[in-house]
Structure formats: C-alpha cells, structure tokens
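Visitor:
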Amino acid sequence: MDELDLLKKDWNKKETHDKLSAKDILPMLNKKSSSIVKLLFYISVAELFFWILINSIPYFLSDSYRERMNMVYSDSALVGLTIFSYAVILLFIFLLYNSYKSISVTDSAKRLMETIIRTRKVIKYYVLYNLIMAGVSMIIGVYYSLHNDPEAVSFIEKTGDKGMMIIIGLSVIFTGVLVVVIWLFYKLIYGLLLKRLNRNYKELKKLEV
Amino acid sequence: MKNELEQNFVELLEKHQNIIHKVCRLYTNNYDAHNDLFQEITIQLWKAYPKFRGDSKFSTWMYRVGLNTAITLYRKSKRTITTQDFEGVSFKMKSEEYDDTEEQQLKVLYKAVHQLNDIEKALVFLYLEDKDYREISETMGISEVNARVKMNRIKKKLRTILNP
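Written out as structure tokens, the structure is:
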C-alpha cells in the first residue's frame with residue numbers, strides 16, 4: 002500500500018471541524034465576497050473612471066487648457082477625437098462586461114484561471130491605450146507649442162537650436178518618466194493581486210508540456 | 171421565492187458541509203483561516219446556486235466550486251500568510267521521525283501533503299475523495315493522461331519528503 006492509500010483510509014474517518022448548523026450558515030450568504038474577481042472588478046471600474054476624469058477634467062475646469070485645445074485642433078478634429086475616445090471607452094466597457102460574464106466559478110480550474118487572465122488583459126490594454134494616447138498628445142502639444150505658442154517661439158528665437166533641444170528633451174523625459182511610473186505602479190498592483198493565480202496557472206500549463 | 175431558494179441551499183450545504191471543511195483543512199493552517207475560506211466558498215456556492223441545474227450531483231458541483239475558490243479566487247488574509255508554514259514551523263522531515271506506527275506515519279503524511287503546492291493539493295484532494303481520473307481531469311481542466319502522470323509524480327514527491 003502506498004502512502005496516499007494509507008492517507009485515504011484515514012481521510013474520510015475524521016470530522017475535523019465542528020459541524021455548522023443552518024443558523025450558522027445562513028448569515029454567511031449575505032457576507033461580502035473578498036475574491037480576486039471582485040477586487041479586479043473594482044479596480045477596472047476605478048481605472049475606467051480615472052482615465053475618463055484625467056482626460057476630461059482639464060478641459061472642463063481650465064479655460065486656458067480649453068483654448069489651447071481649441072487652437073491645436075480644428076473644430077471637426079476635436080469632435081472626431083472626442084467621438085473616437087468615447088467609442089474606445091464604450092468598447093472597453095463592452096469587452097470588460099463580456100469577460101466578467103464569462104468568469105464562472107463552476108468552470109474547470111484551468112478555464113476559470115484563463116477567463117480571469119483574459120479580463121485582466123482587457124484592463125491592461127485599456128491602460129496601455131491611455132498611456133499611448135498620453136504620449137501622443139504630449140508630442141502633438143510640444144510640436145504645436147514650438148510652432149505657435151508665442152512664449153515658446155520667442156524662447157527659441159533667443160536661444161536657437163539649443164533651446165529647442167532643451168524643450169524637446171525635457172518633454173520627452175517628463176513624458177517617459179510619467180508613463181513608466183504609471184506602468185510600474187499598475188504592474189505592481191496586478192502582480193500582487195494575481196501572483197497566486199499566475200503561479201497556479203503556470204503549474205497547470207506545465208502539466209501539458 | 172428567494173427564501174425558499176435560500177432554505178434549500180442551506181439545507182444542502184448543511185448536509186454536505188464536510189466537503190468544504192476538507193478543502194479548508196487542506197488549504198489553511200489555522201482555525202481563523204479555515205473559517206475565512208469556508209465563508210468565501212459558501213458565498214461563491216450561493217452566488218452560483220441559481221445556475222445549479224441539478225444535472226450533476228450537488229456534492230460534485232461543490233467540489234468544483236470549493237477547489238476553484240481555494241486555488242484561484244481566495245485571497246489569503248494577512249494572518250494566513252504569516253502562518254503559512256504548517257504549525258508555525260517550516261517542516262523538515264528527519265528519517266528517524268518516520269517510525270512504523272500508523273498514527274505517526276499519518277501525522278507525517280498530513281504534514282507532507284501540506285507542503286505540496288496548490289495544484290498538487292487539489293489533485294491529492296480529489297484522489298482522497300475517491301474521484302476517478304475522468305472527474306479529476308474535468309475538474310482541473312487537464313487531460314486524463316496528464317492527471318495520471320501528475321498523480322504519480324506527487325506520490326513520488328511525497329515519498330521523497332517522507333524518506334529524504
């Protein structure tokens with residue numbers, strides 16, 4: 002008889018825990034779940050709102066920002082851009098909703114892990130999209146300033162190519178650092194949250210090799 | 171209507187609660203963590219219950235939800251993490267501890283099983299519950315052949331832990 006058979010003989014004999022009554026079980030049904038899926042859901046909603054706010058607050062709160070935006074983009078380009086960004090947000094909401102719906106605790110362990118990982122990827126792409134857009138807007142903003150902003154133009158006239166290089170250099174460094182910091186912060190959150198899931202998923206995948 | 175559903179569910183759970191206790195016993199090391207995981211599995215079962223069609227046995231369905239919660243959904247609370255090692259001490263088996271009495275062997279075996287990783291524990295759990303390889307493979311989402319191969323490796327691993 003091998004070790005596990007010895008264990009099996011004993012396994013079903015033992016009652017290891019006090020038996021709970023219906024009275025003990027009933028209140029549990031109304032307790033809040035602390036599962037990673039629930040947390041992932043809260044984070045994804047927070048991500049959606051965070052980026053919507055980041056993108057819209059300056060436009061509505063700051064007159065100078067609005068003026069600048071209106072100058073950089075012609076009316077039709079601004080309308081097009083706004084429609085595009087809201088379409089992207091709607092698309093992500095749709096994708097997130099779909100992937101949350103596909104998470105089912107009654108699936109096999111492997112499939113459950115895959116659906117959670119897929120959901121996480123949707124959020125990842127949403128953040129990535131926003132970071133790329135932030136980078137692109139920064140480039141457009143700097144390009145525009147260098148050609149049209151009176152302050153920047155006079156600064157460049159005074160300092161020549163060196164001044165231009167300084168402005169471009171600082172903007173690139175600033176944008177780069179910002180994007181990397183946000184990305185790392187994001188990786189850290191999901192890394193911690195899904196560490197165990199990823200480890201177990203790898204372990205299951207290993208069985209297939 | 172909701173009350174009736176609730177009542178049915180609680181009755182079934184009360185009857186089959188030992189399955190959840192056994193999952194908790196394998197994946198946690200202390201009383202508080204056990205209760206924590208028990209509660210989370212109960213919540214997950216209750217959330218999924220409206221979709222339970224009865225075409226599988228309630229107990230079979232519980233195995234799946236219970237293991238999925240333990241392996242994937244459950245976030246270990248801080249107090250569980252700090253008591254990760256079984257009984258507070260990292261387990262190191264010495265050959266002289268492994269004496270011939272069955273009780274001693276069992277004690278050592280339980281400790282050894284606690285040292286396995288989450289996936290290995292799930293396979294051992296289903297094996298101990300007398301599930302065949304078809305059910306093990308369906309629950310885990312791996313092929314039957316791979317389930318068998320892995321189970322043999324686990325047996326070897328346990329043997330190595332017990333006889334280093």
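Protein chains in written order, with my numbering: chain A, 2 to 210; chain B, 171 to 334.
Beta carbons: idealized from backbone N, C-alpha and C, even for Gly.
Let's test the definition: count the other Cβ atoms within 10 Å of the Cβ of B:Val-278 and tell me whether it reaches 16, buried, or not, exposed.
Guide: Locating residue 278 of chain B in the second sequence gives position 108, counting from the first residue. Result: buried.
Visitor: Give me the chain E residues within the contact set of B:Lys-325, using Cβ-Cβ distance strictly less than 8 angstroms, ordered along the chain.
Guide: Annotation note: the requested chain E is absent from the structure, which comprises protein chains A and B.
Visitor: Along the stretch 36–54 of chain A, what residues have a CB closer than 8 angstroms to any CB found in chain B?
Guide: Those would be Ser-36, Ile-37, Val-38, Leu-40, in chain order.
Visitor: Considering B:Asn-287, what are the terminal residues of the alpha helix (DSSP H) in which it resides?
Guide: For this step, residue 287 of chain B is matched to residue 117 along the second sequence. Here B:Asn-287 belongs to no alpha helix (DSSP H), and DSSP marks it neither H nor E.
Visitor: Closest by CA to B:Val-294, which one among B:Gln-275, B:Ala-317, B:Gln-274?
Guide: Walking along the second sequence from the start, residue 294 of chain B turns up at place 124. For the residues B:Gln-275, B:Ala-317, B:Gln-274, the minimum Cα distance to B:Val-294 belongs to B:Ala-317.
Visitor: If we ignore side chains and look at the alpha-carbon of each, how far apart do B:Glu-181 and A:Leu-21 end up?
Guide: Locating residue 181 of chain B in the second sequence gives position 11, counting from the first residue. Locating residue 21 of chain A in the first sequence gives position 20, counting from the first residue. Whole-angstrom Cα-Cα distance: 11 angstroms.
Visitor: Got a sec: which bits of the stretch 305–332 of chain B sit with their beta carbon under 9 angstroms from any beta carbon on chain A, in order along the chain?
Guide: Within the stretch 305–332 of chain B, the residues whose Cβ lies closer than 9 angstroms to some Cβ of chain A are Ser-307, Glu-308, Thr-309, Met-310, Gly-311, Ile-312, Ser-313, Asn-316, Ala-317, Val-319, Lys-320, Met-321, Ile-324, Lys-325, Leu-328, Arg-329, Leu-332, listed in chain order.
Visitor: Have a look at B:Gln-214 and A:Lys-203 and give me their C-alpha separation to the nearest angstrom.
Guide: By 1-based counting over the second sequence, the position of residue 214 of chain B is 44. By 1-based counting over the first sequence, the position of residue 203 of chain A is 202. Approximately 24 angstroms, taken between the alpha carbons.
Visitor: Decide if the stretch 186–204 of chain B is in contact with the stretch 224–241 of chain B; the criterion is three or more beta carbon pairs, one per stretch, under 8 angstroms apart.
Guide: These segments touch.
Visitor: Leaving out five residues before and five after B:Val-235 in sequence, what residues of the same chain have Cβ atoms less than 8 angstroms from its Cβ?
Guide: If you number the second sequence from 1, residue 235 of chain B lands on position 65. Hits under 8 angstroms: Ile-211, Gln-214, Leu-215, Ala-218.
Visitor: Out of curiosity, what's the CA-to-CA distance linking B:Thr-271 and B:Leu-328?
Guide: On the second sequence, position 101 is the one that residue 271 of chain B refers to. On the second sequence, position 158 is the one that residue 328 of chain B refers to. Distance between the alpha carbons of B:Thr-271 and B:Leu-328: 18 angstroms.
Visitor: Entirely within the stretch 157–196 of chain A and at least 4 residues each: give me those alpha helix (DSSP H) ranges in chain order.
Guide: Entirely contained in the stretch 157–196 of chain A, the alpha helix (DSSP H) runs reaching 4 residues are, in chain order, 162–194.
Visitor: Check whether the Cβ of B:Ala-203 lies closer than 8 angstroms to any Cβ atom in chain A.
Guide: The residue labelled residue 203 of chain B in the question sits at position 33 within the second sequence. It does not: the Cβ of B:Ala-203 has no partner Cβ on chain A nearer than 8 angstroms.
Visitor: Which of the three DSSP states, helix, strand or coil, is assigned to A:Lys-203?
Guide: Within the first sequence, numbered from 1, the residue matching residue 203 of chain A stands at position 202. Three-state result, A:Lys-203: helix.
Visitor: Please state if the CB of A:Tyr-101 and the CB of A:Phe-42 are separated by a distance shorter than 8 angstroms.
Guide: Residue 42 of chain A sits at position 41 when you count from the first residue of the first sequence. Residue 101 of chain A sits at position 100 when you count from the first residue of the first sequence. Their beta carbons are under 8 angstroms apart, which means A:Phe-42 touches A:Tyr-101 by this criterion.
Visitor: Helix, strand or coil: which one does DSSP assign to A:Ser-36?
Guide: Counted from its first residue, the first sequence places residue 36 of chain A at position 35. Three-state result, A:Ser-36: coil.
Visitor: So which residues on chain B does A:Arg-119 lean against when the C-beta distance must stay under 7 angstroms?
Guide: The residue you call residue 119 of chain A lines up with position 118 of the first sequence. Residues of chain B passing the Cβ test: none, with the nearest at roughly 13 angstroms.
Visitor: Using C-beta distances below 8 angstroms, list every residue in its chain close to A:Asp-3, excluding the 5 sequence neighbours before and after it, in chain order.
Guide: Position 2 of the first sequence holds residue 3 of chain A. Correct list: empty, nothing qualifies.
Visitor: Does the CB of B:His-191 have a neighbour CB from chain A at under 8 angstroms?
Guide: Along the second sequence, one-based indexing puts residue 191 of chain B at 21. Yes, B:His-191 lies at the interface with chain A (some Cβ there is under 8 angstroms from its Cβ).
Visitor: How many Å lie between A:Val-128 and A:Arg-69 at the Cα?
Guide: Your numbering for residue 128 of chain A matches position 127 in the first sequence. Your numbering for residue 69 of chain A matches position 68 in the first sequence. Between A:Val-128 and A:Arg-69, the C-alpha separation is close to 25 angstroms.
Visitor: Using only the alpha-carbon positions, how far apart do A:Phe-85 and A:Ile-124 sit?
Guide: Position 84 of the first sequence, counted from the start, is the residue given in the question as residue 85 of chain A. Position 123 of the first sequence, counted from the start, is the residue given in the question as residue 124 of chain A. The straight-line gap from Cα to Cα measures roughly 18 angstroms.
Visitor: Quick check: A:Ser-109 and B:Met-310, are their CB atoms within less than 8 angstroms of each other?
Guide: Position 108 of the first sequence, counting from 1, holds the residue named residue 109 of chain A. Position 140 of the second sequence, counting from 1, holds the residue named residue 310 of chain B. Yes, Cβ-Cβ distance for A:Ser-109 and B:Met-310 is below 8 angstroms.
Visitor: Between A:Asn-131 and chain B, is the shortest Cβ-Cβ distance under 8 angstroms, so that the two count as touching?
Guide: If you number the first sequence from 1, residue 131 of chain A lands on position 130. So, not an interface residue.
Visitor: So the candidates are B:Leu-183, B:Ala-203, B:Ile-189; which of them puts its Cα closest to the Cα of A:Ala-23?
Guide: Residue 23 of chain A sits at position 22 when you count from the first residue of the first sequence. Residue B:Leu-183 is the option with its Cα nearest to A:Ala-23.
Visitor: Given 8 angstroms as the limit, is there contact between the stretch 107–121 of chain A and the stretch 147–161 of chain A, that is, 3 or more CB pairs closer than that?
Guide: Taking 8 angstroms as the limit for Cβ pairs, the verdict is that the stretch 147–161 of chain A does not touch the stretch 107–121 of chain A.
Visitor: With 9 angstroms as the C-beta to C-beta threshold (strictly closer), list the residues of the stretch 229–245 of chain B near chain A in chain order.
Guide: The stretch 229–245 of chain B vs chain A, Cβ under 9 angstroms: Trp-231, Arg-234, Val-235, Leu-237, Asn-238, Thr-239, Ile-241, Thr-242, Leu-243, Tyr-244, Arg-245.
Visitor: Got a sec: is the Cβ-Cβ distance from A:Val-173 to anything in chain B below 8 angstroms?
Guide: The count along the first sequence starts at 1 and reaches residue 173 of chain A at position 172. No, no contact with chain B.
Visitor: Measuring only between beta-carbons, confirm whether B:Lys-262 sits less than 8 angstroms from chain A.
Guide: On the second sequence, position 92 is the one that residue 262 of chain B refers to. Because the pLDDT of B:Lys-262 is 41, which lies under 50, any placement of that residue in the model is unreliable, and the number read from its coordinates should be weighed accordingly. Answer no: the Cβ-Cβ gap between B:Lys-262 and chain A never drops below 8 angstroms.
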